[in-house]
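Read left to right, the sequence shown gives residues 3 to 415 (the working numbering).
In this text, a Cβ means the ideal position worked out from N, Cα and C, and glycines have one as well.
Just below is one structure, and these are the notes that go with it.
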Amino acid sequence: MSVRYVAASLIFGVFFGGLGGGVAFPTLPRLGPILGISPFVVGIILSANRFTRLVCNAPAGSILDTIGTRRPMIAGFCLQGLAPFGYVLALNAGRLGFDSATVFLAARAVWGIGSAFVFVGAFATITHVTTPENRGRWVGYMRGGQSLGFPAGLVLGGLLADAYGFTVAFVAAGCAGLFAAGVAALVLPDLDPDVDRTGSLREIPAIVRGDPRIASVGAVNFVVRFLFVGVLLSTVVLYAAENGIAIGALSETGVSGVVMALAVLGASVTTVAVGRYSDRLANRALIAVPALGVLGVGFGFLAFVPTLVGALGGVALIGVGVGGTNPPLLAYLGDIAPGGDVGKLGGVYNTFGDLGSTLGPLVALPLVARVGFAVEYLTCVAVVCLAGVLVIGTLLGEEQATTGRSRLTADDD
């Protein structure tokens with residue numbers, strides 16, 4: 003079985019698995035008034051998967067290291083596929099004597115648990131079946147598929163809900179997730195754990211403390227997700243309204259959708275290109291420095307050029323910066339990870355990222371109300387600079403010590 007075969011199945015799986023998460027966002031806010039769910043509770047429901055994944059990332063990584071990646075990942079895909087059917091149940095919860103909000107919350111939590119196993123497992127599997135010579139390429143492809151799944155779900159959910167109703171949208175997302183689970187069951191290799199090196203969940207803090215590079219990679223992921231998902235995506239609607247930014251007849255909400263799509267597209271394209279390029283470098287973390295620079299320039303554009311051109315240019319640069327930073331550092335983490343700790347370190351990496359995504363809106367929205375958009379976005383530039391200093395100080399001192407570990411055939415072209 004070749005690396006290409008396994009990687010393609012993972013890319014397919016994380017893409018279709020992400021549909022279930024994306025479908026919820028354009029549909030649940032519209033269902034709130036219909037089902038009598040308050041906006042505050044709708045917000046909690048939409049965030050439930052992220053809070054759940056935040057708690058589950060590290061345990062998922064430990065389980066993957068203990069029993070191998072195949073069974074936990076298939077279970078994760080199944081949970082992601084079943085979650086949208088929970089949304090269908092929630093639509094009819096009143097007839098069954100249940101509370102709709104509670105059922106929606108439980109379904110989102112189930113999706114969060116499944117996504118923890120899928121995302122961490124995808125990283126662990128890619129790391130195990132690649133070598134430092136091709137790891138960046140396949141990590142880039144995998145992350146590209148992952149980043150496109152969510153916006154595809156946004157589009158699918160909105161279109162199907164408008165054309166055929168909410169139930170059809172949810173069922174389609176669930177079927178896509180279960181189809182991905184079936185494909186994973188057919189093609190995922192049975193990679194045995196490195197039993198001699200597998201430790202318990204309690205050893206994770208010691209592992210992180212033992213190599214400062216691990217904490218640095220996690221911290222940069224925290225910063226990137228905090229700024230991109232937490233700050234940009236939570237404030238862009240308000241930014242467009244505040245500055246009168248419009249595209250044709252689109253309202254600020256429509257403009258924000260275009261802006262978000264542009265940022266995600268920029269991140270996805272850059273993710274694929276940069277991952278492959280990083281394989282040519284002695285230290286792939288080098289790419290993170292200019293990528294962070296592009297990210298900072300993007301926020302600077304938003305601060306100093308509050309026009310349509312400035313907004314489109316700024317978010318495009320931010321997307322490129324995000325896509326140029328995360329995949330090389332994730333592949334770098336795979337390069338330095340001991341064989342028995344790959345899953346744990348993948349869980350640590352995702353925990354940092356989910357923490358940033360969760361805390362970002364909690365900080366960004368109150369802060370922008372106090373200091374305005376220009377000051378907030380310039381503060382983001384300063385934070386990016388600190389992240390760049392961290393990368394230079396901890397990851398670029400010498401060539402990285404790598405662990406070559408492909409368990410498959412060398413056919414990856």
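Check, Outcome
"Under the three-state reduction of DSSP, which class applies to Ser236: helix, strand or coil?", "helix"
"Relative to the C-alpha of Val393, which candidate in Tyr241, Asn328 and Leu267 has its C-alpha closest?", "Asn328"
"Quick check on DSSP: helix, strand or coil for Ser11?", "helix"
"Please determine, among Val122, Ile338 and His130, the residue with the shortest C-alpha to C-alpha distance to Gln148.", "Val122"
"Run the CB neighbour count on Tyr89, radius 10 Å, all protein chains shown included, and call it buried at 16 or more, exposed below.", "buried"
"Which of helix, strand or coil does DSSP assign to Ala333?", "helix"
"Are Gly315 and Phe303 close, meaning C-beta to C-beta below 7 Å?", "yes"
"In the structure shown, what three-state DSSP assignment does Ser40 receive?", "coil"
"Please name the residue, chosen from Leu361, Ala293 and Asp343, that lies closest to Cys387 on a Cα-to-Cα basis.", "Ala293"
"Are the region 142-158 and the region 103-118 touching, with three or more C-beta to C-beta distances below 8 Å?", "no"
"So, at 7 Å on beta carbons, what are the nonlocal neighbours of Pro214 in its own chain, with the 5 sequence-adjacent residues on each side left out?", "Thr396"
"From what residue to what residue does the alpha helix (DSSP H) around Ile209 run?", "Ile206 to Gly212"
"Could you give the C-beta distance for Asn223 and Gly355, rounded to a whole number, given that I count them as a contact under 8 Å?", "5 Å"
"Using CA atoms only, rank isn't needed, just tell me which of Val170, Ile247, Cys382 and Ser64 is closest to Val25.", "Val170"
"How do the region 366-373 and the region 79-89 stand: do at least 3 beta-carbon pairs fall below 8 Å, yes or no?", "no"
"Could you say which of Phe125, Gly20, Thr29 and Gly38 lies nearest to Val141 if we only look at CA atoms?", "Phe125"
"At the level of alpha carbons, what is the spacing between Asn59 and Leu21?", "20 Å"
"Excluding five sequence neighbours on each side, which residues of the same chain lie with their C-beta closer than 7 Å to the C-beta of Pro153?", "Gly24, Ala263 and Val266"
"Just the C-alpha distance for Gly45 and Ala243, rounded to the nearest angstrom, thanks.", "21 Å"
"Tell me which residues share the same chain as Val197 and place their Cβ nearer than 7 Å to its Cβ, disregarding the 5 neighbours each side in the sequence.", "Residue placement at Val197 is poorly supported in this model, since its pLDDT is 47, which falls under 50; the coordinates are not used for a value here."
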